[in-house]
Amino acid sequence: MEHNLGAIDAAGILNGTGGEVELLFNSATEKQPDFLQMSSIRLISFNTHYMKFIHRQEVARKLLHVSIGLLILFLYSHGFRPLQIASLLFSAFILNATFDAIRYNSKAVNKIFIRSFGIFMRENEATSYSTSTPYLFGMYIALRYFPEDIGIVGVLLLSCCDTAASIFGRLYGCHSIQLRHGKSLIGTAAAWLVGVLVAAGFWGYFLYTSSLSNNTDPARPFMFTGKLTYLPENSNSGGASTDPLALVVISLVSGFVAAGSELVDIFGCDDNLVVPVLSTLGLWGFLKIFG
Numbered sequence: 054m055e056h057n058l059g060a061i062d063a064a065g066i067l068n069g070t071g072g073e074v075e076l077l078f079n080s081a082t083e084k085q086p087d088f089l090q091m092s093s094i095r096l097i098s099f100n101t102h103y104m105k106f107i108h109r110q111e112v113a114r115k116l117l118h119v120s121i122g123l124l125i126l127f128l129y130s131h132g133f134r135p136l137q138i139a140s141l142l143f144s145a146f147i148l149n150a151t152f153d154a155i156r157y158n159s160k161a162v163n164k165i166f167i168r169s170f171g172i173f174m175r176e177n178e179a180t181s182y183s184t185s186t187p188y189l190f191g192m193y194i195a196l197r198y199f200p201e202d203i204g205i206v207g208v209l210l211l212s213c214c215d216t217a218a219s220i221f222g223r224l225y226g227c228h229s230i231q232l233r234h235g236k237s238l239i240g241t242a243a244a245w246l247v248g249v250l251v252a253a254g255f256w257g258y259f260l261y262t263s264s265l266s267n268n269t270d271p272a273r274p275f276m277f278t279g280k281l282t283y284l285p286e287n288s289n290s291g292g293a294s295t296d297p298l299a300l301v302v303i304s305l306v307s308g309f310v311a312a313g314s315e316l317v318d319i320f321g322c323d324d325n326l327v328v329p330v331l332s333t334l335g336l337w338g339f340l341k342i343f344g
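Take a look at the structure:
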């Protein structure tokens, strides 16, 4: 009796039912040369480990998380205004929330949705609302109600810092101090570091190399103009900081507001809503005082 290797249940592989897999492979490869049998066994062992890693670390979900932020940055660099992008996000939010409500009340629709998009979902989302709804709404708030540069940075902090915190928290959080349930010191530190890099990259490189700083909405000017007050005086800056020092300071502050937003718990609200809102509020408040 021949066995079809393509019919192996992926769920069984992920759950570690190695005995069944081994039985199938022993039967299917019993007539193969020894070196081919060893290659097949090593290949399925590698694939099993790889599939478990993808599932456990939510690789597809994280790639989607980051890609949305980069897509918004791409649209912005090609002439889309933040208010235009915010309108698109709000439309997507309404559609997503509506579909979430439908599938939450329809097992048939939910089953189809899970089969189609399950790779991007967490287990608890199979029986509850998806986190993409607050994710879209959080980005909408950042772009709709804050100055252009603050809004874009807030979106990037959400897509990059939250992902970094999740990756390092899952991989190394068990060896780190736990700051609160589900939040480790190493995950928070990763969010801070990525936040610093995001702000430095946006304000120090992307913004001025793309000439977007000269093409802003007059009604919503940039808050960070390359200078900060109340820092050591410079003969060329008239009492404000030099550009490099100001960039360092705003980058460090961005890291702190991102890490703080990732760490704080506000009545159990989803991080995807809390991070962009608190990050943009924090940067807005800082630049209101020191900008």
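Start counting the sequence shown at 54; every next residue gets the next number (the working numbering). All C-beta atoms in this analysis are idealised placements derived from N, C-alpha and C, irrespective of residue type, glycine included. Predicted model only: the values in this text are computed from it and were never measured.
Check: Counted within 10 angstroms of its Cβ, other Cβ atoms place Thr216 as buried (16 or more) or exposed; Outcome: buried
Check: Residues that DSSP places opposite Lys236 in a beta bridge; Outcome: Arg233
Check: Residue burial classification, Phe277 (beta-carbon count within 10 angstroms, cutoff 16); Outcome: buried
Check: 8 angstroms Cβ cutoff met for Asn325 and Gly191; Outcome: yes
Check: Closest Cα partner of Phe275 within the set Val119, Leu123, Phe166 and Trp337; Outcome: Trp337
Check: Buried or exposed (CB count within 10 angstroms, at least 16 for buried), Ser144; Outcome: exposed
Check: From Leu117, Ser140, Gly313 and Phe339, residue whose alpha carbon lies closest to that of Arg233; Outcome: Gly313
Check: Residues of its chain near Leu331, where Cβ-Cβ distance is below 6 angstroms and the 5 sequence neighbours each way are ignored; Outcome: Ser314
Check: Residue range of the alpha helix (DSSP H) that includes Gly338; Outcome: Asp324 to Phe343
Check: Beta-carbon spacing of Gly122, Cys213 below 8 angstroms; Outcome: yes
Check: Other residues of its chain near Ala253: CB distance less than 7 angstroms, five sequence neighbours each side excluded; Outcome: Leu300 and Ser304
Check: Lys131 (DSSP reduced to helix, strand or coil); Outcome: The question names Lys, but residue 131 in the sequence shown is His. DSSP places His131 in coil when its eight states are reduced to three.
Check: Short Cβ contact (8 angstroms threshold) for Gly248 with Ile239; Outcome: no
Check: Contacting residues, own chain, Cβ-Cβ under 6 angstroms from Ser229 (five flanking each side not counted); Outcome: Ser237, Leu238 and Ile239
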